[in-house]
Structures are given as structure tokens and as C-alpha cells.
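A short write-up of the structure that comes next.
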Amino acid sequence: MSDGGSGASPLRVLGVYAHPDDEIFCAGGALAKYVAAGAEAMVVSATRGQAGQIRSAQIATRHSLGQVREQELHLGCQHLGVQHSLCLDYADGTLQDLDPAILIAHITEIIRRFRPDIVLTFGPDGGYGHPDHMTISAVTTAACKRSGDPTQFPDQLSAGLAPHQPAQLYHSLFPRRHLSLLDRLVAWLTQSGKRFYGTTDFAGALLLLAEEATLLGYTSDHIDVAWYPAGFYIIEQGEAAVNLYLLLSGIVEIVREQPDGTLETIERKAAGEFFGEEELAERHARQAHAVAIENVTCLVFSPNTPTSFIGRGQDARITGEAESDGESTINQIRFQAPTVIDVSAHIQQKVAAIAAHASQFPLKQDMLPLSILQELMGREFFVRVLPAPAKAEITTDFLPAPHPQGRRDAGATGVADETPALHAAPASEERGTRRTMPLGWVLNNY
Ligand SMILES: [Zn+2]
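Below, the structure is given as C-alpha cells:
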């Protein structure tokens, strides 16, 4: 671990998480952005993620998964430009069972060694309630409150470390967004002008990406893998268009029914093809049936969680269409006073870092258009915990408290006088960066 060298001191950012890959979904873009602007960053994972799923049998076994994921952490951090990555040796899934004092002491020691200006971790909800995430949030927050106090963990001081108080602590925020991946896919499929043929790899990667995006609240879709026996009417002509289907296996015939009941086959769809997108794009009822000719498996995108009593046919009253509850999203953001970091210029790095976690996300970097990825992952949300913001406003940068003279000089030009600590602001935003933004700026991105 470097101590940052001598001379000009760049901004130092420390991310503390529970598992390899947490860092990307919490702050991958922000880390890439600040490192690109001269910051020195370190990512710590408390565990090797050895209890995670193995999503690629070619890459890991149950025995090797921890080791593989540790390497993936280092590789993913390289893609982000993060200079230091460290995997601790705690067992995945057990953090909440440990004596918190052990973790707090360990993270305090890391803080006193790396001496970050900014610390990032999960919020108390752990993103989506994962106990390891919730524990790492609590112990990192506690460590940030104690690391500057010379009476805390004096054995570390006798070992030569000095107390260090990080200027700021941020928790990741995952506001539930009402962004429909289904809508983006429909627009992409119908505007490209050519028929799309995906591979099973594409389908598998899209499923994983969509599941993760839904879990973290990036998107509001419901995604399912559904099986239909031969002869099943997957779509019925006349019913409301709700779902988008990606055919994973089997053959589907698109069949138009005449008023007298005669059936006319329009086309056949094979594995790797989407169906159902045209009526969704044009917002009209289904123009034809989609019938399983053999046993069929589909990836099904729904605008929300389907209910078992959804009606079928053109007289259906309950269709499962999405209800708009954007107001609750607005309120989540308004009351949290978040820091919203625009990381759209670093999406390719972020996707490369995700792909580096190949045991978890066996995906190709170019599988989806950049515009969709930017919408999904182009903003990262944080809540400043230390010091708590004085008023409820939205900020667009990490703004460490002013440093002593001599720590402002790392690499920025044209930084506005009123933002002395912005030396790590990205070049593209050096001029005219506004520290606070109207709510509308954030909501325009929903
Ligand atoms: Zn995790």
C-alpha cells in the first residue's frame, strides 16, 4: 500500500465494501471519475465473496471462487483506475456475526494508514438489505467517527500510526427509479431498423444485468424466465401489450386470427430473437397471437411484478400495466439531499470493471447500446453522513471540507475560488461546476 508519496497530495478516496463487485455498483463511476482527475483511491472488500453464486463454470469452482473473486476485484479496480485494492479475510456472509469491534478496529487501522479525505460505503440499508452490506456500513461509519480520536485503539498508535479523521463520509443511495429497461429495449429494437438476433450468451448476460439493475433500483422492470409447453398461446391477439419477450429456446409462430377464426402464420421466431416489441412501441393492442410451436423458454420483461389474476384476451380488465408512482421517487430524493455524481463519461470503464467480475457477470461490454447503459448507470447517488449537510440540497460533487494550504494543488486548473477542495473535480467540469443543482436537474434523468 502506498502512503501517497511526497509533494503535492492528491485527494484520497477510500471505498469500504463487503464483497468484490460491490464497489462498482456503489461507486465505480465516481471512483473512475475522481481518479481520472488526479485522486488516489483505494477499495477494500471485507470478504472474498466466496459465498457468492458461480455464474460461469469455466471460471470458478466452489473451492476456487474466493481466490477468483479476489483477482476479479483487483482487475476491476484496474479498469476503474483505482490504484489500491485490498481483500480482507473475513468469511462471506458472516460479518454480522462477528464482534463489531474487530471490524471497526481493522477499518480504523486502514483509515489511519491510507489517510483518506473521503470514505465511501453502503448506507444502513445495505442497498437491498444484504446483512454483510448493512454490517460494513455500520462498522465503517463507526470507524470514521473514531479514527481521528487518539484515545481509540491506542495499540495502533504505539505501532506508529497517527490518528486520522476523514473529512467526509458518504453512504451509497439507491433510490428506487422508475426507469423502464423494457421501454429502452423496445426503442432500441424498433428504431435500429434491422432485426436483432442475440446469442444465448447475450440472453444470459442480459438476464443478469437486468436482475442486478432491478435489485439495486436502477430499473423498475420485473424480469422472469418463463417456460411454455408446445401449443401455448404466449401472446393472444387483441390483448393489451404489456410484456417484451426474448426467445431463449424453441420456436414461436406469430399467427394472425381473422374474424371468422381462420389463422394465418406471419412469421417464425427462433432462439435469440425478441418478440412483442412492435405493439409496445406503437402502444396498441396485440395484432397477432404468439404461439409456442415446441416447448419454449423466454426471458420476459414486464413493467412491474405481474399478478396471478391478470386477464387475457381483448376484454381483459386487469392487464398489469405499470402505474406511475414517480412522486414517491421524487420524495425519496428530495428528503435525502443526495450527492448525485454524473459518471456518464466513465460508463465504459464501469462496464469493463463489471465484466472483469466474470464469475458474477459473464457479459460482453458491447452487448447493449451505450445510451441504455448511460441511462441505467450514468448517475451515482450518495448521502453525505459526515459532516451532515447543513440544508436539504442536491450536490453534484464530493466536496471535502477545506484542506490546510498545500493540499489544494494537485492538478486542477481554473477551479472556482469558492470551491477550494475541488482540485479533484474532473477536467470537463472544472469550469462552471455548480455545487448544488435544482431538483429538476436530477429528475430530468429519470
Ligand atoms: Zn455485496
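Heads up, the sequence shown is in our numbering, so the first residue is 1323 and it goes up one at a time.
Beta carbons: idealized from backbone N, C-alpha and C, even for Gly.
**Prompt:** Taking just the CA atoms, how far does Arg1578 sit from Thr1587?
**Reply:** 6 Å
**Request:** My understanding is that Leu1353 touches Ala1363, with C-beta atoms under 8 Å, so please give their C-beta distance in whole angstroms.
**Result:** 5 Å
**Prompt:** Does the Cβ of Asp1454 lie closer than 7 Å to at least one heavy atom of ligand 1?
**Reply:** yes
**Message:** Quick check: does the Cβ of His1341 come within less than 7 Å of any heavy atom belonging to ligand 1?
**Reply:** yes
**Request:** Could you say which of Leu1395, Gln1393, Ala1373 lies nearest to Thr1416 if we only look at CA atoms?
**Result:** Ala1373
**Item:** Which of helix, strand or coil DSSP assigns to Phe1347
**Value:** helix
**Request:** Rounded to whole angstroms, what's the CA-CA distance from His1401 to Val1673? Just pull it up for me.
**Result:** 9 Å
**Asked** Taking the DSSP output, what are the residues bridged to Phe1623?
**Response** Ile1545, Leu1566
**Asked** For Phe1703, which of helix, strand or coil comes out of DSSP?
**Response** strand
**Best match in Gly1403, Ala1423, Asp1421, Leu1395 for proximity to Leu1410 [C-alpha to C-alpha]** = Leu1395
**Message:** Taking its Cβ as the centre, do 16 or more other Cβ atoms sit within 10 Å of Leu1585, making it buried, or is it exposed?
**Reply:** exposed
**Asked** Could you check where the beta strand (DSSP E) with Met1364 kicks off and where it finishes?
**Response** 1362-1369
**Request:** Say whether chain B places a C-beta atom closer than 8 Å to the C-beta of Cys1466.
**Result:** The question asks about chain B, but that chain is absent: this structure has only one protein chain.
**Message:** Below 7 Å, is the gap between the Cβ of Asp1344 and the nearest heavy atom of ligand 1?
**Reply:** yes
**Residue(s) in a DSSP beta bridge with Gln1393** = Answer by DSSP bridge pairing: none, since Gln1393 is not bridged.
**Prompt:** Below 8 Å between beta carbons: does that hold for Leu1504 and Leu1566?
**Reply:** yes
**Which listed residue (Gly1520, Ala1675, Tyr1450) has its alpha carbon closest to that of Leu1690** = Gly1520
**Prompt:** By the 10 Å Cβ neighbour count, where 16 or more other Cβ atoms means buried, how is Lys1686 classified, buried or exposed?
**Reply:** exposed
**Asked** Looking at C-alpha atoms only, which residue of Thr1512, Ile1458, Arg1437, Arg1384 is the closest neighbour of Asp1447?
**Response** Ile1458
**the stretch 1421-1441 contacting the stretch 1379-1397, beta-carbon criterion three pairs below 8 Å** = no
**Message:** Quick check for students: name the residue ranges of the alpha helix (DSSP H) that lie wholly in the stretch 1411-1473, counting only runs of 4 or more.
**Reply:** 1422-1436, 1448-1451, 1453-1468
**Prompt:** Okay, do the stretch 1458-1473 and the stretch 1497-1517 touch, 3+ Cβ pairs below 8 Å being the bar?
**Reply:** no
**Nearest to Gln1682 (by Cα), restricted to the options Asp1688, Ala1667, Ser1378** = Ser1378
**Prompt:** What's the C-alpha gap between Leu1538 and Asp1582?
**Reply:** 48 Å
**Item:** Tyr1492 burial status per 10 Å Cβ neighbour count (16 or more: buried)
**Value:** buried
**Request:** Reducing DSSP to helix, strand and coil, say where Ala1614 ends up.
**Result:** strand
**Message:** Do Asp1546 and Thr1536 count as a contact pair if the criterion is CB distance below 8 Å?
**Reply:** no
**Message:** For Phe1554, which residues in the same chain have their Cβ closer than 6 Å to its Cβ, ignoring the five residues on either side in sequence?
**Reply:** Ala1614
**Request:** Determine the DSSP secondary structure at Gln1490, reduced to helix, strand or coil.
**Result:** strand
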